[in-house]
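Numbering (the working numbering), first residue to last: 231 to 985. For each residue, glycine too, the CB sits at the ideal point set by N, CA and C. In this text, all values refer to a predicted model and were calculated from it rather than measured experimentally. Beneath this line is the structure, given in structure tokens, with notes to follow.
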Amino acid sequence: MQKPASLRIIVFTLLVFLCLSGTAFAAIESVIAKNAKGEYFVYDYAEVLRSYTQKILQQKAPLYEDFAQKSVVAVSSAKSGYIDYADVLASYTSSIVKGQAFDLLQYIETKEAKRYTPVAGTKKVSEKNGSLVFTDWDLPADNTLLQKINAVKDAEAMVATLVQHAAELELNLTAFQNLTLSQQKQVGEKVLQKRPQGGYTSLNALKQELKSAFNHAVSAQNEALKAVNEAKTTAQMRQALQKNASVLDLKLTAFLELQPQEQELVLADLVKGRPYATAFALQEAFTAAMERDRSVLSLINEITENKAMQDALVAHAEALRLQLDDYHRLNTFGKVQVADQVLRKRPAGGYPDIAQVKTVFETAVTNALNAQNKALQAVNQAVTPESLRTIFSAHALVLELDLTRFNRLQPAVQDTVLEILFAGRPYSTVHVFQNAFHNALNSLESTRIIQYVDYPITFNEVVTRQMNCNPQTDLLGGGWQTADRNLVAYYLNADNFMEEMRPAAIIKAGPARMRSGPGLTYDLVTLLETGSGPYFIIDQAEDSSGYTWYRLLTDYRAGWVREDLLTLTARKGEGIFQFLVLSESTNVNPAEINEKILQGKGILEGMADVFVAAARRYNLNEVFLVALALHESGEGRSLLANGVEYNGTVVYNMFGIGAIDADPILKGAERAYQEGWFTPEEAIFGGAKFISEQYINHPLYHQNTLYKMRWNPAYPGEHQYATDIGWAYKQVVKIKTLYDQLTTYVLRFEIPRYK
231 MQKPASLRII VFTLLVFLCL SGTAFAAIES VIAKNAKGEY FVYDYAEVLR
281 SYTQKILQQK APLYEDFAQK SVVAVSSAKS GYIDYADVLA SYTSSIVKGQ
331 AFDLLQYIET KEAKRYTPVA GTKKVSEKNG SLVFTDWDLP ADNTLLQKIN
381 AVKDAEAMVA TLVQHAAELE LNLTAFQNLT LSQQKQVGEK VLQKRPQGGY
431 TSLNALKQEL KSAFNHAVSA QNEALKAVNE AKTTAQMRQA LQKNASVLDL
481 KLTAFLELQP QEQELVLADL VKGRPYATAF ALQEAFTAAM ERDRSVLSLI
531 NEITENKAMQ DALVAHAEAL RLQLDDYHRL NTFGKVQVAD QVLRKRPAGG
581 YPDIAQVKTV FETAVTNALN AQNKALQAVN QAVTPESLRT IFSAHALVLE
631 LDLTRFNRLQ PAVQDTVLEI LFAGRPYSTV HVFQNAFHNA LNSLESTRII
681 QYVDYPITFN EVVTRQMNCN PQTDLLGGGW QTADRNLVAY YLNADNFMEE
731 MRPAAIIKAG PARMRSGPGL TYDLVTLLET GSGPYFIIDQ AEDSSGYTWY
781 RLLTDYRAGW VREDLLTLTA RKGEGIFQFL VLSESTNVNP AEINEKILQG
831 KGILEGMADV FVAAARRYNL NEVFLVALAL HESGEGRSLL ANGVEYNGTV
881 VYNMFGIGAI DADPILKGAE RAYQEGWFTP EEAIFGGAKF ISEQYINHPL
931 YHQNTLYKMR WNPAYPGEHQ YATDIGWAYK QVVKIKTLYD QLTTYVLRFE
981 IPRYK
């Protein structure tokens, strides 16, 4: 229930006399009150107190009597502006209840005090010659502007209001108008977003939010312009434009509808025009580049990159009067050479006419065909299989032979390839020979190369060092526990994981009790059903009754079973893939990966060529890279892999790099944005680079197998990836499953041997 006006005035007056010193009293300037009709009036506080004094002295006091009929709604000092009076009373009451002193002036000049915005139409009340005088009251300038700001509904209107009142808001209007329209709108939106639910209550608070929003917009625009000015190639310029189009107000729709070679010309113009002093200068340059003459001859004269020239020659062959029959007989290397000649032979001022383009093109095609024919002739005239080796070295580029792949084969396998190719002569075209070379490699590449690496430390020493690192296992039941020496030795011993027959056992009488030790008094670990197994035997011992107990290793547990419950047998060892060298290509066929592994795998489908290229660039095993991407991207269906918008740009993260558990999507997207992964391809290459540099090809540790990552045989106990003794073994399942689906590959294993 609302307090009677007279009571509110009494409380207010008592509060003033109780709480104010003479100095504070002088600092109170005015009071706003409201009558029963909802009309507002402002009073000079000193005049009200003077009139109150007259009332006490039983003199005529019209000003005080008028004031006493109304409810106080706000009070102000010279520094505070208007403060909500109900808030003052609440704070006063709280202080009294807590037994604390209350200083009115001190409170209303704090940030905690609730601000009050005067209402338009408020009348000023004063006393003259014993009569009341009512006059129109001009709202404080700050409050008039605040009311306008608080009434704005959208970003465009906010921008207009900010510009109109730039001087009052201390906004550098010239700098603000140098922002693009989108960035100006961003400022308006930020000011709207930061506006409190009840509106801005002080001009200073508004200025602070405006300054922050303006500085952020300037910084974003400067960074965007910097990216454009640092783009030295058309590819870099394309990336800079796509990443920053919204900030720079560039409309890319029409650009993206151009033919690829035409896009290259626009990008080339922009690269040539750098640096741009302002975003508006860039916008003008972009518009001019889009409107330039794109006739065929103009196109040929402006292209700067080889692939764009290849595309243009084929796309505009009719207009250029080019015959493409011989050109299509060339392999990729030959076509690159032709485009290169058209670029190199172009006069400084460009080709004057189509005829000259035609002449240069035809000469280049003839020269490229002659080079191909010469190389093919050398192959067809080889005297022995071994002589082909020299011919390959001399003509590898022209014939497009992947000698890296060939040279990785064992010498005996290389000799077999040479014999196959020698027997297949003569070859009618370069394409026929290339296919023969590729097929010969494929037919022999599905092989394994096993190498042994000796380490100058005894096996027992290695086990001891690992035991000092508190190795963990989940095989004993009851969660993670410290692994015993026997288990550590088993997983450290490479012989246990070679594909040779190892001792094993099958449960013949179940359910058999697997125990934690070799005897009936040990704890039960689990029950094993009749016929289950075979399980590897990793140890044996006798109990006090003379029974032999065998320690078995199942998929999930390790424990002891008595001999009379078992049938002893043998089982082929598993886990050799933990020794697979991950720092080199295994020459898989991309088409086979697409068909057998990546088909139906979301955004990763059809991306084998990208994985293979990334693996080769950063010296990684392609299947390992694919397996890791499938695992981290949820088979190609995770949000990060399929693109997440960050700072107005869609980014991709195929390997979950930076996606910490606290906020994986935001942090993974932030990392992708920082790395510049704006396409799925860039995300694959970027992830491969990270994995290579941080792990597989680390310059110090060289832990290029799963075994090395877990056990680090060169420095046992140091820089180990995991504490789980079974970590390396557990990782091989996915990789082996993928290789089992393929037919073309070379696998190299490095097996550790200790003294």
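Once the 5 residues before and after residue i are set aside, which same chain residues still bring their CB inside 7 angstroms of it?
i	result
His949	Tyr931, Asn942
Asn877	Tyr903
Tyr765	Ala734, Ala735, Leu782, Leu783, Thr784
Lys985	Pro686, Ile687, Thr688
Determine the burial state of residue i: buried for a count of at least 16 other Cβ atoms within 10 Å of its Cβ, exposed for fewer.
i	result
Pro348	buried
Pro1043	In this structure the chain extends from 231 to 985, so residue 1043 is not present and cannot be described.
Tyr786	exposed
Ile286	exposed
Tyr557	buried
Ile965	buried
Gly886	buried
Pro988	Shown here, the chain extends from 231 to 985; a query on residue 988 therefore has no answer.
Lys473	buried
Val840	buried
His625	buried
Ala585	exposed
Pro946	buried
Ser281	buried
Phe364	exposed
Ala892	exposed
Residue range of the alpha helix (DSSP H) that residue i falls in?
i	result
Lys990	Outside the shown range of the chain (231 to 985) lies residue 990, about which nothing can therefore be said.
Leu936	936-941
Thr694	689-697
Thr483	483-486
For residue i, report the span of its beta strand (DSSP E) as first-last.
i	result
Arg468	Looking at the DSSP string, Arg468 is not in any beta strand (DSSP E); the run it does join, the alpha helix (DSSP H), is 464-478.
Trp779	778-783
Glu259	258-264
Val613	Segment: none, Val613 is in no beta strand (DSSP E) and carries neither H nor E.
Glu357	353-358
Phe364	361-366
Phe636	Taken as a continuous stretch (DSSP letters only), Phe636 belongs to no beta strand (DSSP E), being part of the alpha helix (DSSP H) at 633-637.
Residues in the same chain with beta-carbon distance under 6 angstroms from residue i, minus the five sequence neighbours each way, listed in chain order, please.
i	result
Trp957	Arg940
Trp710	Gln702, Asp704
Ala443	Val417, Lys420, Val421
Leu543	none
Pro748	Ala771, Asp773, Trp779, Trp790
Where residue i and residue j are concerned, what is the direct C-alpha to C-alpha distance, given to the nearest angstrom?
i	j	result
Asp753	Ile680	42 angstroms
Pro820	Arg695	42 angstroms
His546	Val526	7 angstroms
Ala465	Ala447	26 angstroms
Ala498	Asp583	22 angstroms
Arg635	Leu977	12 angstroms
Ser356	Asp274	8 angstroms
Ala917	Glu822	In the sequence on display, residue 917 carries Gly and not Ala. Distance between the alpha carbons of Gly917 and Glu822: 22 angstroms.
Ala484	Phe516	11 angstroms
Ile955	Asp794	30 angstroms
Tyr337	Lys383	33 angstroms
Gly252	Leu319	Confidence at Gly252 is low in this model, with a pLDDT of 45, below 50, so its placement is unreliable and the value that follows should be read with caution. Cα-Cα distance, rounded: 21 angstroms.
Gly564	Pro490	21 angstroms
Leu554	Ile895	50 angstroms
Glu1012	Val278	With the chain represented from 231 up to 985, any question about residue 1012 goes unanswered, as that position is not in the structure.
Asp317	Lys328	17 angstroms
Pro641	Ser623	16 angstroms
Please work out which residues of its chain come closer than 8 angstroms, Cβ to Cβ, to residue i, disregarding the five sequence neighbours upstream and downstream, and give them in chain order.
i	result
Leu618	Val609, Ala612, Leu648, Leu651, Phe652
Thr659	Arg559, Leu606
Thr953	Cys699, Asn700, Pro701, Gln702
Glu986	What the structure shows of the chain is the stretch from 231 to 985, and residue 986 is not part of that stretch, so it cannot be assessed.
Asp366	Lys353, Lys354
Met731	Ala800, Arg801, Lys802, Gly803
Closest Cβ-Cβ distance between residue i and chain C: below 9 angstroms?
i	result
Val609	Any reference to chain C falls outside this structure, which holds one protein chain only.
Report task. Could you tell me which uninterrupted beta strand (DSSP E) segments, each at least 3 residues in length, are contained entirely in the region 278-350, listed from first to last along the chain? Result -> Correct list: 301-307, 311-314.
Report task. For the region 493-554, list the alpha helix (DSSP H) runs that are entirely contained and at least 4 residues long, ordered along the chain. Result -> Correct list: 509-521, 526-532, 536-545, 547-550.
Query - In chain order, each alpha helix (DSSP H) run of at least 4 residues that lies wholly inside the region 867-892 - result: With a minimum length of 4 residues, the continuous alpha helix (DSSP H) runs that stay inside the region 867-892 are 869-872.
**Report entry** Length at least 4, wholly inside the region 715-798: the alpha helix (DSSP H) runs in chain order
**Finding:** Fully enclosed alpha helix (DSSP H) runs of 4 or longer: 715-722.
Query raised in the report: For the region 402-457, which segments carrying the alpha helix (DSSP H) assignment without a break, of at least 4 residues, lie completely within its bounds, in sequence order?
Result: You should have 403-407, 411-424.
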